[in-house]
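In my numbering, the protein residues as written are 6 to 334.
Just so it is clear, CB atoms sit at the ideal spot from N, CA and C, and this is done for glycine as well.
Only one structure is covered here, and it is reproduced in the block below.
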């Protein structure tokens with residue numbers, strides 16, 4: 006905790022002096038948000054409250070911005086919401102809109118059913134080292150620095166952090182905005198003109214242009230499968246449990262889902278069934294350690310199009326993905 010406070014102070018000093026540098030990195034906003042959900046999962050479970058995520062269907066799968074700073078802002082704001090909420094829920098809403106310059110404006114609303122913020126306390130929210138209420142400091146701890154730094158960081162990313170009107174609702178609601186680019190083609194067409202064989206070689210990859218959602222709770226297995234898929238041309242997003250797999254499957258534009266059957270919170274059977282009931286029609290391939298006929302029948306009954314047995318064979322994995330994607334298109 007002390008290290009984080011010191012880091013926040015140093016970051017704020019950089020912002021105030023104009024020396025803070027931001028990065029422009031392509032990344033999956035879905036992976037980032039799911040990391041935040043995972044980070045607070047145990048905290049909300051211990052408090053008996055819910056953490057709910059709602060993402061607009063127009064959110065792009067990948068963006069170009071500073072994922073480290075975005076993560077820092079979300080941890081601060083969501084962390085405050087969780088800290089000050091003892092019953093009910095914390096909700097995260099994400100939506101976006103087009104700007105005239107071709108970039109996207111992202112709006113993230115964090116709404117909680119916690120203690121709320123009085124009119125007198127609102128003016129102090131974005132003052133360094135000041136908490137809205139001294140009694141809150143005694144009960145919950147903190148330096149009062151998180152929101153200040155979050156607002157400064159958001160402004161460095163072309164956005165802002167603001168407190169929304171309560172309108173008689175219990176709790177508080179913050180809106181965090183930032184501007185991001187969409188991934189460029191990195192000048193690939195020009196390169197291809199000078200090296201026409203490159204396009205053919207990329208297109209020759211068995212999974213070229215295929216978007217895969219990998220639902221796998223084992224970090225080691227996830228890393229191995231991701232390497233095989235990416236090496237063979239696929240784009241891969243990852244979920245670490247059935248709940249995330251269901252949420253990401255509905256939000257993202259995936260050509261196929263690789264669904265581990267044994268996962269926490271919601272297993273692969275339940276996640277597959279939920280996706281099918283919600284209207285997801287793309288292929289879902291079950292990943293399981295069991296090769297028995299009964300297991301294959303059960304995954305098929307849940308809505309899976311295929312079944313791969315662990316440990317996975319790379320050749321069989323690639324052939325299964327390519328076959329199912331091409332037959333469904």
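Item to complete: Measure from the alpha carbon of residue 72 to the alpha carbon of each residue in 118, 289, 33, then state which is nearest.
Response: Your numbering for residue 72 matches position 67 in the chain shown. It is 33.
Worksheet item: Among residues of its own chain, excluding the 5 on either side of residue 138, which ones have a beta-carbon nearer than 7 Å to its beta-carbon?
Response: For the purposes of this step, residue 138 is identified with residue 133 of the chain shown, where counting begins at 1. Annotation note: pLDDT 47 at residue 138 (below 50); position unreliable, coordinate value reported separately. Only 126 meet the Cβ criterion.
Fill in: heavy atom of the ligand NAP below 7 Å from residue 290 C-beta
This structure lacks the ligand NAP; in fact it carries no ligand of any kind.
Discussion item. On the DSSP letters alone, give me the boundaries of the beta strand (DSSP E) that residue 103 sits inside.
Written reply: Taking the first residue of the chain shown as 1, we reach residue 103 at position 98. Counting along the chain, the beta strand (DSSP E) containing residue 103 begins and ends at 94-103.
Worksheet item: From which residue to which residue does the beta strand (DSSP E) around residue 152 run?
Response: On the chain shown, residue 152 is found 147 positions in, with the first residue counted as 1. First-last for residue 152: 151-161, but that is the alpha helix (DSSP H), not the beta strand (DSSP E).
Discussion item. To the nearest angstrom, how far is the alpha carbon of residue 241 from that of residue 123?
Written reply: As a first step, residue 241 is located in the chain shown; it is residue number 236 there, counting from the start. As a first step, residue 123 is located in the chain shown; it is residue number 118 there, counting from the start. Those two C-alpha atoms are separated by around 45 Å.
Discussion item. Using the Cβ count rule (16 or more neighbours within 10 Å means buried), how would you classify residue 78?
Written reply: Here residue 78 refers to the residue found at position 73 when the chain shown is read from its first residue. Its Cβ being crowded by 16 or more others within 10 Å, residue 78 is buried.
Practice prompt. With a threshold of 16 other CB atoms inside 10 Å of the CB of residue 140, please say whether the residue is buried or exposed.
Written response: For the purposes of this step, residue 140 is identified with residue 135 of the chain shown, where counting begins at 1. Because the pLDDT of residue 140 is 44, which lies under 50, any placement of that residue in the model is unreliable, and the question is left without a value.
Discussion item. Below 8 Å on the Cβ atoms is my contact criterion, and I expect residue 259 with residue 217 to pass it. Report the Cβ-Cβ distance as a whole number of Å.
Written reply: Along the chain shown, read from residue 1 onward, the residue named residue 259 stands at position 254. Along the chain shown, read from residue 1 onward, the residue named residue 217 stands at position 212. Residue 259 to residue 217, Cβ: 7 Å. Contact.
Worksheet item: Would residue 297 be called buried (16 or more neighbouring beta carbons within 10 Å of its own) or exposed?
Response: To locate residue 297, count along the chain shown from 1; it is residue 292. The residue is exposed, with fewer than 16 neighbouring Cβ atoms inside 10 Å.
Fill in: Cβ neighbour criterion (16 or more within 10 Å) applied to residue 97
Position 92 of the chain shown, counting from 1, holds the residue named residue 97. That one is buried.
Worksheet item: In terms of residue numbering, what span does the alpha helix (DSSP H) encompassing residue 84 cover?
Response: Translated into positions along the chain shown, residue 84 becomes position 79. It spans 72-88 - the alpha helix (DSSP H) in which residue 84 sits, taken as one unbroken run.
Fill in: Beta bridge counterpart(s) of residue 67 as assigned by DSSP
Translated into the one-based positions of the chain shown, residue 67 becomes position 62. Residue 67 pairs with 33.
Worksheet item: Can you tell me where the alpha helix (DSSP H) with residue 1 in it begins and where it stops?
Response: Nothing in the structure corresponds to residue 1, since the chain is present only between 6 and 334.
Worksheet item: Run through DSSP, which three-state label would residue 277 get?
Response: As a first step, residue 277 must be located in the chain shown, where it is residue number 272. Helix.
Worksheet item: So, helix, strand or coil for residue 114, using DSSP?
Response: Translated into positions along the chain shown, residue 114 becomes position 109. Residue 114 falls in the strand class under three-state DSSP.
Discussion item. Output needed for residue 194: all residues of its chain with C-beta closer than 7 Å, excluding positions within five of it in sequence on either side, in chain order.
Written reply: Within the chain shown, numbered from 1, the residue matching residue 194 stands at position 189. Unreliable positioning characterises residue 194 in this predicted model, as indicated by a pLDDT of 40, which lies under 50. The coordinate reading is nonetheless provided below. Hits under 7 Å: none found.
Discussion item. When you compare the region 226-238 with the region 308-323, are there three or more beta-carbon pairs, one atom per stretch, that lie closer than 8 Å?
Written reply: yes
Worksheet item: Quick one: what's got a C-beta closer than 8 Å to residue 267's C-beta in the same chain, skipping five residues either side?
Response: The residue labelled residue 267 in the question sits at position 262 within the chain shown. Within the same chain, residue 267 has close Cβ partners 222, 273, 293, 294.
Worksheet entry | Straight-line gap, residue 191 to residue 214 (C-alpha atoms, nearest Å) | The residue given as residue 191 occupies position 186 in the chain shown. The residue given as residue 214 occupies position 209 in the chain shown. Because residue 191 carries a pLDDT of 39, less than 50, the predicted location of this residue cannot be relied on, and no value is offered for it.
Practice prompt. Indicate the three-state DSSP secondary structure (helix, strand or coil) for residue 214 in the structure shown.
Written response: Looking up residue 214 in the chain shown gives position 209. Correct three-state label for residue 214: coil.
Discussion item. Does the contact criterion of 3 or more C-beta pairs under 8 Å hold for the region 156-175 versus the region 48-66?
Written reply: no
Practice prompt. Express the C-alpha separation of residue 271 and residue 162 in angstroms, rounding to a whole number.
Written response: As a position in the chain shown, residue 162 is number 157, starting the count at 1. As a position in the chain shown, residue 271 is number 266, starting the count at 1. Spanning the two alpha carbons is a distance of roughly 36 Å.
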